[in-house]
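Comments concern the structure below.
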Amino acid sequence: NSGSMLPPVKKDRIITHLPKVVLSFPGFFFRFCRGAFDRTYKATIGVDFEMERFEVLGVPFSLQLWDTAGQERFKCIASTYYRGAQAIMVVFDLSSVNSLAHAREWLEDAMKENDPSSVLLFLVGTKKDLSLAETEQEAIRLSEEIKAEYWAVSAKSGDGVRNLFLRVASLTFEANVLAELERSGSRHVKDIISEFIIYNTVNLLKETEPQL
């Protein structure tokens, strides 16, 4: 069937715009983007921004990372930056039950500006070394309720942070590739591409696990 043959897609045309990732915890991506933990970090206007470059399956891929601080006094400012997110990372403090409740409120605000069916959700607990059992159990229940991936990490030591961002980048990349194939009418290769990306994502995460 000659109709099944498709011209190759150039790597630099796979992603036609920079995907946007929104975070909800002051200074969390500071640990990833700058490789350091800053106990004194504060978002000066309620929003911080970084452009971070990844490589997924050999393809250069950049993400816009927007840290909206998640603080009540910045709520009006931050809400304008929620719009158009492809991934939302709801970050909370595992040592505080109140932090998780606040994270749920922040998510509700963020989802008002986005289509729930097209956003990747990640529920991320920080301070995993100080985790309260009650908070973690509630977080797992919440992640199932909102259909989010649950991650427990340490911004201070960096434990799990790199793998989390690699996961976000890989799934965002996959979503963009599949959307591009859908737009070009290449539905019959969709399952193959999806399986290929998921397989390589799993291997990538295994390779980047810290050795004990």
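Mind the numbering: the sequence shown is residues 3 to 214 in my numbering, read in order. Every residue gets a Cβ at the ideal spot worked out from N, C-alpha and C, and that includes glycine.
Compare the beta carbon distance of residue i and residue j with 8 Å and say whether it is the shorter of the two.
| i | j | result |
| --- | --- | --- |
| I148 | L122 | no |
| V92 | L125 | yes |
| L132 | L96 | yes |
| V24 | I90 | yes |
| E115 | R85 | yes |
From residue i to residue j, what distance separates their C-alpha atoms?
| i | j | result |
| --- | --- | --- |
| Q66 | Q88 | 10 Å |
| R128 | E151 | Correcting the residue type first, residue 128 is Thr in the shown sequence and not Arg. Straight-line Cα distance between these residues: approximately 14 Å. |
| R55 | N178 | 15 Å |
| S145 | W108 | 14 Å |
| V155 | A181 | 30 Å |
| V99 | T137 | 5 Å |
| W153 | A141 | 10 Å |
| F94 | S120 | 23 Å |
| D161 | K130 | 9 Å |
| Q139 | D117 | 27 Å |
| E110 | D69 | 16 Å |
| F175 | A112 | 21 Å |
| L168 | G60 | 13 Å |
| L173 | P62 | 14 Å |
| A157 | R143 | 23 Å |
Just curious, the alpha helix (DSSP H) that residue i is in, first and last residue?
| i | result |
| --- | --- |
| E138 | 135 to 148 |
| S172 | 163 to 185 |
| E151 | Per DSSP, E151 belongs to no alpha helix (DSSP H); it is in the beta strand (DSSP E), 151 to 154. |
| L102 | 99 to 113 |
Would you mind sorting residue i into buried or exposed? The rule is 16 or more other CB atoms within 10 Å of its CB.
| i | result |
| --- | --- |
| R41 | Any reading at R41 is ruled out, since the residue's pLDDT is 48, under 50, leaving its predicted position unreliable. |
| A105 | buried |
| S101 | buried |
| E57 | exposed |
| V276 | This structure leaves residue 276 out entirely; the chain is present only between 3 and 214. |
| A1 | The structure shown does not extend to residue 1, since the chain spans only 3 to 214, so no value can be given for it. |
| E184 | exposed |
| S159 | exposed |
| S64 | exposed |
Say the cut is 7 Å; is the CB of residue i nearer than that to a heavy atom of the ligand GTP?
| i | result |
| --- | --- |
| V163 | Summarising the ligand content, the structure contains no ligands, and the ligand GTP is consequently not present. |
What first and last residue would you give for the beta strand (DSSP E) that runs through residue i?
| i | result |
| --- | --- |
| G160 | Neither: G160 is in no beta strand (DSSP E) and is coded neither H nor E. |
| L67 | 61 to 69 |
| L123 | 122 to 128 |
| A87 | Note, A87: premise wrong, no beta strand (DSSP E); not H, not E. |
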